Structures are given as structure tokens and as C-alpha cells.
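In this text, residue positions in the sequence shown follow the working numbering: the first is 56, and each later residue adds one.
One structure below.
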Amino acid sequence: MEKSSWRKFLRGASLQKDIEDIKELAVRYIKEETVKPVKDLGRYMLFGAIGSLFVGVGTALLLFGLLRFLQNQFKVLNGTLSWIPYLIVAVVSGCVLALTAWRISNGVAKRRLEK
């Protein structure tokens, strides 16, 4: 009888260990399939947002530099045509926005949808 109770104990411990292993495996799988992709997506979005911020600030600085350059070039006209540099910069910024919108609409996302 002593032997049979010992076997029950071993079987119970084995069953308990198997249940814990299955639970650990399930938790690890869920973390791998849900938490890790969300973290990777968050990291991707963070770097994209930072990159967009840098590109936006850089573009704005370039446009301000162009405006300042054109104002110095049109300074000879003594204020009669001082609005021309603003018009030129507005047209250039409109072209930059149009180019950006065109690249966004015809970029990688559209090619993925066509497949």
C-alpha cells in the first residue's frame, strides 16, 4: 500500500507540473503574440513621429530661410513689391505640401492595397 500512495503522489506532482507548464507556455505565447507586436508597433510609431517632427521643423526653417533670402534680394525695390517674397514662399510651400500629399497617396500603402 505504501507503494501505491507514493505513485499517486508522483502522478499528482507530475500533473500539477504539467498544468503549470501549460499555463506558463500559454502566458509566454500570449505575450509573444500580442505584447511584443504592440511594443514593436509603438516603437515604430514613435520613431515615425520623431522623424516627421524633424522633417517638418527642417522644412519650416528652409522656408523661413528662403523668405529671408528673397526679402534681401527684393530690398532694392524699397517696399513697393515687398509682398513678392511672401507669394513665392507661399507657392513653394504649396508645392511642398502637394508633393507630400502625392507621395502619401501614391506611396507604399497604395502598392500594398493593389496586391
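Think of the CB as a built atom: it goes at the ideal place given N, C-alpha and C, for glycine as much as any other residue.
Computed from a predicted model, the values in this text were never measured in an experiment.
Inset, instruction - Please determine if the segment 105-123 and the segment 76-85 are in contact, where contact requires at least 3 C-beta pairs separated by less than 8 Å. - result: no
Inset, instruction - Taking 8 Å as the threshold, find out whether the segment 135-147 comes into contact with the segment 93-101 through three or more Cβ pairs. - result: no
Inset, instruction - Please confirm whether Leu118 and Val147 have their CB atoms less than 9 Å apart. - result: yes
Inset, instruction - Give the straight-line distance between the Cα atoms of Leu101 and Val131, rounded to the nearest whole angstrom. - result: 47 Å
Legend entry - Buried versus exposed call for Val151 [16 or more other C-beta atoms within 10 Å across all chains shown]: exposed
Legend entry - Leu122 beta carbon less than 9 Å from that of Tyr141: yes
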